[in-house]
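**Student:** Numbered according to our numbering, the sequence shown spans residues 147 to 531.
Note that the Cβ used here is the ideal one computed from N, Cα and C, for glycine as well.
These figures come from a predicted structure and were not determined experimentally.
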Amino acid sequence: MRCLWIAGTFHPQTTGVPVYVDRLTTALADHAQVAIVTSNGLSRPSDPRVRQYVVPDLTTPHSPREWARAAADLGSVINGYAPDVVHLGSACEAVYRGVVPDRIPTLATVHGNDLTAPWQHTPGVDTRRWVVDGLNACDHLLAVSGHTAALLERWDVRRPTTVVTAGCDLDVFRPRPGTREETRLCYGLPLDRPVVLTVGRLVARKGHLVLAEALATLTEPVHWMVVGRGPETASLLAGLRRLRLTKRVHLVDAVARTELALLYTACDVFALTPEVREMDGLLDSEGFGLVYLEAAACGAPVLASDGAGCREAVVAGGTGLLVDPGDVAAVAAALHRLLADPAQSRQLGEAGCALVHAAGGWPRLARQALEHYRALTPREVALSI
Numbered sequence: 147m148r149c150l151w152i153a154g155t156f157h158p159q160t161t162g163v164p165v166y167v168d169r170l171t172t173a174l175a176d177h178a179q180v181a182i183v184t185s186n187g188l189s190r191p192s193d194p195r196v197r198q199y200v201v202p203d204l205t206t207p208h209s210p211r212e213w214a215r216a217a218a219d220l221g222s223v224i225n226g227y228a229p230d231v232v233h234l235g236s237a238c239e240a241v242y243r244g245v246v247p248d249r250i251p252t253l254a255t256v257h258g259n260d261l262t263a264p265w266q267h268t269p270g271v272d273t274r275r276w277v278v279d280g281l282n283a284c285d286h287l288l289a290v291s292g293h294t295a296a297l298l299e300r301w302d303v304r305r306p307t308t309v310v311t312a313g314c315d316l317d318v319f320r321p322r323p324g325t326r327e328e329t330r331l332c333y334g335l336p337l338d339r340p341v342v343l344t345v346g347r348l349v350a351r352k353g354h355l356v357l358a359e360a361l362a363t364l365t366e367p368v369h370w371m372v373v374g375r376g377p378e379t380a381s382l383l384a385g386l387r388r389l390r391l392t393k394r395v396h397l398v399d400a401v402a403r404t405e406l407a408l409l410y411t412a413c414d415v416f417a418l419t420p421e422v423r424e425m426d427g428l429l430d431s432e433g434f435g436l437v438y439l440e441a442a443a444c445g446a447p448v449l450a451s452d453g454a455g456c457r458e459a460v461v462a463g464g465t466g467l468l469v470d471p472g473d474v475a476a477v478a479a480a481l482h483r484l485l486a487d488p489a490q491s492r493q494l495g496e497a498g499c500a501l502v503h504a505a506g507g508w509p510r511l512a513r514q515a516l517e518h519y520r521a522l523t524p525r526e527v528a529l530s531i
C-alpha cells in the first residue's frame, strides 16, 4: 500500500501535531510505503523510509495566487506518487481536499485548534470555511479525543468520525531508575526540595501564570521547572518577579526527547493546567495533551485540567489529579496533596506508567490507522497490507 500524508507544519523535534505526524508515519512505515508532503523550510522525517516532498508556501500562502500554485504543485505530487490513500495530518490541510482525486480515499486527523483556530491562512478568502468544507469531503475522520469529536459536530462537520487517542514513544519515555540525582544536578535543580515540572508552549491558554500563582501560596519550598518557549515568556517572567518566585523557577526553551524523559523521571509532579479560551469566533483549547502521556510513561504523577481533552489523558484519582482550569486555590490544593503524600503520588505514577505502556504506543495507533485505510481501499489493495 502507498500512503501519502499531507502535513504543512512539520517540526517533529518539538511537540504537538508535528510529533504526532512524524511518529505515526514512522510506525506506518513498518507496514506500508509512506511519503509526506510538507511546506518548505521545515524538518525532514526522522525515519529515512518516509519519503518527503516539499511544496513551497503549502501552509501559509500569502495570496490566492500562491494558494493556487501550491495546490497545483500538490496535485503534481499526488499524480506522481499515485497513492492508494491520502491522509491529511490536521484539519488545516483540508483546504487542499479538492486537489485529491475522488478515486483516492482521503482521511484527516483532527486535533482541536487546527479546526477551531486554524493556522492555515490565505488573505482574501475564508480559510475556516474551506477547512470545514474540506473535512466534509473526506471519507473518514480521526479525532484525537472525544472533546475534538464534539468540536467537529459543533463546527458542522458531519463525516464519519472515530476517536483514536495518541501514542507515545515507549522506548524513550519510560522510568529511568537511578537517574534522578544526576539529572537534577545537571540542570541545577535542588536535591532537597520537591520539583514540579511543566512542559508546554508559553501561550496564554496553557495556564502557566495560574500555576505560578498556586506555587506562590504553598508553604513547601517547591522548585518549578518550565520547559517551553512562546509569546507569553515576558508575561511569565514578569509574573514570577511579582510573586518573588524567580529564584525558585528554572526556565528552559527546549530539550531533546531523551533529556525530557530524564526530567519526567526526576520531578515529583508533572503539572499542566490549560484553560479554554474563546474570542472572535475562534476557540483555543487543548485537544488532548501528548505531554501527559509522556510524563505518565516515565512514572510521574500528573496534575491536569478537568476540561477539554485533558481529562481524557488522565484518569482522575487513578493516574493523576484533575482541577478546574484557572482556579488557583484548587491547583494549589492539588499540588499540596501530591507533594505531602509521596506514597499516593508514587501509586498514581506507577498506575499511569502501566496504563500508557499497556496502550501500545505509536505502533498501536498505526494499526488502527491501517484498519481504516483497509476499509476504504479496494479489496486487492487492502489485502496487500
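Quick one: give me the first and last residue of the alpha helix (DSSP H) that H518 is part of.
**Tutor:** That run of the alpha helix (DSSP H) goes 507-522.
**Student:** Starting from the Cα of G244, find the closest Cα among L281, L364, P269, N259 and give me that residue.
**Tutor:** Here the closest residue by C-alpha is L281.
**Student:** Suppose only complete runs of 4+ residues qualify. What are the alpha helix (DSSP H) ranges in the segment 407-475, listed by chain order?
**Tutor:** DSSP runs (the alpha helix (DSSP H)) wholly in the segment 407-475: 436-443.
**Student:** Considering Cα atoms alone, identify which of R510, V477, L361, V461 is closest to L389.
**Tutor:** When each option's Cα is compared against that of L389, the closest is L361.
**Student:** Using CA atoms only, rank isn't needed, just tell me which of I224, V241, M147, A254 is closest to V167.
**Tutor:** Residue A254 is the option with its Cα nearest to V167.
**Student:** In angstroms with no decimal places, state the Cα-to-Cα distance between M371 and P336.
**Tutor:** Whole-angstrom Cα-Cα distance: 11 Å.
**Student:** Starting from the Cα of K352, find the closest Cα among R326, A289, P420 and give me that residue.
**Tutor:** Checking every option, the nearest Cα to that of K352 belongs to P420.
**Student:** Since T184 is in the alpha helix (DSSP H), which residue starts that stretch and which ends it?
**Tutor:** Counting along the chain, T184 falls outside any alpha helix (DSSP H), though it belongs to the beta strand (DSSP E) covering 179-184.
**Student:** Could you check where the alpha helix (DSSP H) with I224 kicks off and where it finishes?
**Tutor:** From DSSP, the alpha helix (DSSP H) with I224 extends over 210-227.
**Student:** Does DSSP put V201 in a helix, in a strand, or in coil?
**Tutor:** Correct three-state label for V201: coil.
**Student:** Specify the secondary structure class of T363 as computed by DSSP and reduced to three states.
**Tutor:** If DSSP states are grouped into helix, strand and coil, T363 belongs with the helices.
**Student:** Which residues bound the alpha helix (DSSP H) around R148?
**Tutor:** Taken as a continuous stretch (DSSP letters only), R148 belongs to no alpha helix (DSSP H), being part of the beta strand (DSSP E) at 148-152.
**Student:** In whole angstroms, give me the CA-to-CA distance for A417 and R457.
**Tutor:** Distance between the alpha carbons of A417 and R457 is about 13 Å.
**Student:** Candidates E496, E299, D430, G435: which alpha carbon is nearest A263's?
**Tutor:** Checking every option, the nearest Cα to that of A263 belongs to D430.
**Student:** Would the segment 319-338 and the segment 427-445 be scored as touching if the rule is three or more Cβ pairs under 8 Å?
**Tutor:** As far as the Cβ criterion goes, the segment 319-338 touches the segment 427-445, which means the pair count is three or higher.
**Student:** Can you give me the Cβ contacts of L174 inside the same chain, cut-off strictly under 8 Å, excluding the 5 residues immediately before and after it?
**Tutor:** Once the five neighbours on either side are set aside, the close Cβ partners of L174 are C149, V180, A512, A515, L516.
**Student:** Looking at C-alpha atoms only, which residue of A462, V474, L481 is the closest neighbour of G498?
**Tutor:** Of the candidates A462, V474, L481, the one whose C-alpha sits nearest the C-alpha of G498 is A462.
**Student:** Given a threshold of 16 other Cβ atoms within 10 Å of its Cβ, counted over all protein chains shown, does S236 qualify as buried or as exposed?
**Tutor:** Flag for S236 reads buried.
**Student:** Measuring only the C-alpha atoms, how far is A350 from T523?
**Tutor:** When rounded, the distance between both Cα atoms is 42 Å.
**Student:** With a 10 Å radius around its C-beta and 16 neighbouring C-beta atoms as the bar for buried, classify S491 as buried or exposed.
**Tutor:** When all chains shown are included, S491 counts as buried.
**Student:** Nearest to E378 by CA position, among G270, P194, L391, G346, is which residue?
**Tutor:** The option with the nearest alpha carbon to E378 is G346.
**Student:** Expressed to the nearest angstrom, what Euclidean distance is found between the alpha-carbon atoms of G162 and A454?
**Tutor:** The straight-line gap from Cα to Cα measures roughly 15 Å.
**Student:** Given this structure, state the Cα-to-Cα distance separating L494 from V165, to the nearest angstrom.
**Tutor:** Distance between the alpha carbons of L494 and V165: 26 Å.
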